[in-house]
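In the working numbering, the protein residues as written are 1 to 201. What follows is one structure encoded as structure tokens, with my remarks underneath.
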Amino acid sequence: MAKLAIFYYSSTGTNYKMAQWAEAAAKEAGAEVKLLKIPETAPMSAIEQNPAWKEHYEETKDVPEAKIDDLDWADGYIFSVPTRFGNVPAQAKQFFDMAGGLWFQGKLVNKVVSAMTSAQNPHGGQEATILNLYTTMFHWGAIIASPGYTDDSIFAGGGNPYGTSVSVDQDGNMKEDVEGAVRHQAKRTVQVTDMILKGQG
Ligand SMILES: Cc1cc2nc3c(=O)[nH]c(=O)nc-3n(C[C@H](O)[C@H](O)[C@H](O)COP(=O)(O)O)c2cc1C
């Protein structure tokens, strides 16, 4: 059974929702799944200035936090993080930067990885964010399982072959219907992880 860790960071809930869809689909595909929140690093003073951020922060207090050991535990990873100026949030970067020890021991090699994101604008940097995230994964020796155009749900969700992405309005509502694309991406990540595990014998 493939072990899949779904790591997400979310200020206002979009990526948490996407991660939950991915969790359900990965379980349906037969994986052992952990849904894990990348730890918040922003000061409370910043969180409290944004009511939606504060509300989501409080609502998800009980979601287990991602630990570096989870990177070792899982055979495959899905990351879901919002776009920040066309890049990954600092919270995700901080988490990646704590993985130096595992990287040094070669323990991140051949992990299967797929990424998703959201942004406020349809051309607000979604592809750039996912590519920037994958750059770190290249250094880990991970195997990128991008969705490509492997299913009709990808076209229905806006057609991002790098990884599912969605845009959100001012109130934080998703504009495109990406649930099918998220679910397909999660199942495909489990399938590719299974292939790698079988290949390793
Ligand atoms: C500091 C900051 C930078 C952002 N940069 C961008 C951006 O470059 N392009 C964009 O379209 N949206 C940008 N956004 C909007 C976020 O991407 C959007 O709020 C997020 O995708 C919502 O996801 P969440 O609900 O999971 O937090 C930015 C938001 C913040 C707070």
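Don't be surprised by glycine CBs; every beta carbon is placed ideally from N, CA and C.
> For K54, which residues from the same chain have a beta carbon less than 6 angstroms from its beta carbon, with the 5 sequence-adjacent residues on both sides left out?
Replying inline: Closer than 6 angstroms at the Cβ level, and outside the excluded window around K54, lie I47 and E48.
>> Residues around ligand 1, please: the ones whose beta-carbon is closer than 6 angstroms to some heavy atom of it, in chain order.
In response: Here the list is S10, S11, T12, G13, T14, N15, P82, T83, R84, F85, G86, S118, A119, Q120, N121, G124, G125, V168 and G172.
> Taking the Cβ atom as the reference point for each residue, do P39 and E59 lie within a distance shorter than 8 angstroms?
Replying inline: P39 is not a Cβ neighbour of E59, given a cutoff of 8 angstroms.
> Quick one: any contact between the segment 161-177 and the segment 87-106, if contact means 3 or more CB pairs under 8 angstroms?
Replying inline: When C-beta atoms of the segment 161-177 are compared with those of the segment 87-106, fewer than three pairs fall below 8 angstroms, so the two segments do not count as touching.
> Which partner residues of K37 appear in the DSSP bridge assignment?
Replying inline: Y8 and E65.
> Per DSSP, V77 is paired with what?
Replying inline: The question names Val, but residue 77 in the sequence shown is Tyr. A5 and V113.
> What are the start and end residues of the alpha helix (DSSP H) that includes V190?
Replying inline: Per DSSP, V190 is one residue of the alpha helix (DSSP H) stretching across E179 to Q200.
> From L71 to H56, what does the alpha carbon distance come to, in whole angstroms?
Replying inline: For L71 and H56, the distance between alpha carbons rounds to 25 angstroms.
>> For A29, which residues in the same chain have their Cβ closer than 8 angstroms to its Cβ, ignoring the five residues on either side in sequence?
In response: If we look at A29 and ignore the five residues flanking it on each side, its Cβ neighbours are A186, K187, V190 and Q191.
>> Is the beta carbon of N132 closer than 8 angstroms to that of V63?
In response: The answer is no: Cβ separation not under 8 angstroms.
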